[in-house]
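A quick write-up on the structure given underneath.
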Amino acid sequence: MAQAILIESNQVMHELLAINLKNYVGLEIIPRKDASEAIGLLDILPDIELIVTRFKIGMEETTLKIIEYIEKNQLEIGLIIIGEPNLDLSEKAVVIKDDKDWEEVIKSAARILGITTGVLPNTVLPDYIPIPTNYFLPLTKSCCDVYIRIKKGPEDFQFIKRIHANDNFTREEIQKYVDQGLKSFYIPKKYRDYFTNFVTNQLVYQLKQQVYENEVNYELLSESYEVAINEIMEMGFTSSTIELTETLIETMFKTFEKSKGVSSFIAEIINAKSNYMYQHCHLTSVVSNQILNSLDLDVRNKYEKLTYAAFFHDMSLSKNDNLAKVRNNKEIKRVTNKQSEIDQIHEHALKSAEIIRSHPDAPVGVDQIIREHHGSLDGRGFNSDESSKLNPLSRVLIIAEDFVSRLLKYAHDKKSGARPLLKELNEDYAEPEMKKVIQALEKSLK
């Protein structure tokens, strides 16, 4: 679902726009109070499709600040201004002078997003829909024509074909687009489901070939993980996304079997060309299962639960690595002061647990482990006072995930020296139940 920022101080108008932009244009609405908050979001989510804003919010020159940011960063974002500006901005944005004409805002949003069939309740997709550019990196061809979008005016976008269906292309050719800052290619909307199946089938084939040929390609694993999580968040659990995740989990364990132990494997992952979310997922999966090996527990069926929990525990934060790196309430303040993002962090364990329940083959009880992976029984916020009430496997995941988060933080911080991670964990987790898990972690690392 495409995303739009809405800056509207009038509550009634805000509700009218938010509801109708979602229902009629298919947009996910992200409210912001002013230009500063909007720009803060664009810093971490530059692929926002549309901004709808009042010309001014209070004394702030809201529109002018946003236009300056868009031009400085060369972003192709649609802009709709509500209210009559005191200067001509017709070449930079769509200006709707009547500040109560919400219907015209909806129509303009539809035109900007390329919805040419009219604003109707069943019209929730534009004629062309964006696909992240990195989806194409592991591919050698596409199942349909692929376009780039060129902005020609406030309401005028041209789609230019760059890849023909079934034409071969190289990773290097796609990388050039990535290096130039292209965030998305576009495909005709009728191919959306077909394209998802095509990409996942291609990745499944390559992952299985990797296992068959006894090779380890962490870049492919990372790209496949990103596609899997993004498609699950966008499309839900389908036969193709389920097959991809199952293949990924199997391949990830095969790669660990090829390593020379936990320490060697950790070094391989940290040094591999891969993204944070994948590294965190894979390492948490392996470390949690190594802890389980060291504990005096009946491990039957528990490996599978921990593997699923590690794979899916942060999926609701998949679009923002910075939010996924937060470990406690103190760290939130260093990452964001925006209430919507603070709410995302506090709710992500609960939301990820709710998503995994729709997986038809997920092990029974894995949703509880995900819900409790920050120590809170209800999946909200961070809690260190309820460890005795947690599922024993939740305690394992908590320590494994926290250890991996600290490890990745210090490994990627070139200014940081060696850190006594196990000592830090012992200082932060005083409860006897958690101490036992930390001792098992120490044993597994040796």
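In the working numbering, the protein residues as written are 1108 to 1553. C-beta: ideal position from N, C-alpha, C; glycine also.
Residue i (DSSP reduced to helix, strand or coil)
i     : result
P1192 : coil
R1161 : strand
Y1293 : strand
K1248 : strand
Q1265 : strand
G1260 : strand
N1275 : strand
I1213 : helix
M1120 : helix
I1505 : helix
E1338 : helix
V1544 : helix
E1438 : helix
E1538 : coil
I1373 : helix
V1323 : coil
E1167 : strand
I1146 : helix
Q1181 : coil
H1519 : helix
D1300 : helix
R1513 : helix
V1132 : helix
P1228 : Low confidence applies to P1228: its pLDDT is 47, below 50, so where it sits in the model is not reliable, and the reading given next is rough at best. Residue state, collapsed to three classes: coil.
N1127 : helix
L1390 : helix
A1469 : coil
H1481 : coil
R1487 : coil
K1496 : helix
I1222 : coil
N1378 : helix
K1445 : coil
V1311 : helix
N1533 : helix
L1430 : helix
Residues of its chain near residue i, where Cβ-Cβ distance is below 8 angstroms and the 5 sequence neighbours each way are ignored
i     : result
I1439 : V1433, I1449 and I1452
P1467 : F1344 and I1349
V1334 : Y1242, V1306, T1307, L1310 and L1351
I1164 : I1114, S1116, K1140, D1141 and A1142
D1205 : E1211
Contact check, residue i vs residue j, beta carbons under 9 angstroms
i     : j     : result
I1462 : I1339 : yes
E1493 : G1486 : no
R1161 : S1116 : yes
I1187 : I1158 : yes
K1365 : N1436 : no
L1529 : S1395 : no
P1261 : S1197 : yes
L1113 : L1128 : yes
A1379 : Y1332 : no
L1402 : V1212 : no
S1623 : L1424 : Shown here, the chain extends from 1108 to 1553; a query on residue 1623 therefore has no answer.
L1124 : W1209 : yes
G1185 : I1203 : no
L1514 : I1373 : yes
Contact set for residue i: own chain, Cβ-Cβ below 7 angstroms, skip 5 residues either direction
i     : result
N1275 : T1247 and K1248
N1229 : Because the pLDDT at N1229 is just 48, under 50, the model does not fix this residue reliably, and the value given afterwards should be weighed accordingly. For N1229, where only same-chain residues beyond five positions count, there are no Cβ hits under 7 angstroms.
D1428 : Y1383 and M1384
Y1176 : I1146 and L1149
E1549 : L1529
E1144 : K1445
L1552 : V1369 and S1370
D1272 : Going by the sequence as given, residue 1272 is Ala instead of Asp. Only S1249, C1250, C1251 and D1252 meet the Cβ criterion.
Identity of the residues DSSP links to residue i by a beta bridge
i     : result
F1138 : It is Pro, not Phe, that sits at residue 1138 in the sequence shown. In DSSP, P1138 forms a bridge with L1113.
P1239 : S1291
Y1254 : K1268 and Y1293
E1156 : According to DSSP, E1156 bridges with nothing at all.
L1186 : I1158
V1306 : None, per the DSSP bridge assignment.
I1203 : I1189
Proximal residues to residue i (C-beta, below 6 angstroms), its chain only, five neighbours per side dropped
i     : result
P1539 : none
K1268 : D1252 and Y1254
E1411 : P1470
A1460 : D1474, I1477, R1478 and G1486
Q1317 : N1324
L1227 : With a pLDDT of 45 at L1227, under the threshold of 50, the modelled position of this residue cannot be trusted; read the value that follows with caution. None.
M1359 : H1389
**Asked** Counting pairs of beta carbons, one from the stretch 1379 to 1397 and one from the stretch 1410 to 1422, are three or more of them closer than 8 angstroms?
**Response** yes
**Asked** Are the stretch 1303 to 1311 and the stretch 1277 to 1285 in contact at 8 angstroms, needing three or more beta carbon pairs?
**Response** no
**Prompt:** Touch check for the stretch 1354 to 1361 and the stretch 1311 to 1330: three-plus C-beta pairs under 8 angstroms?
**Reply:** yes
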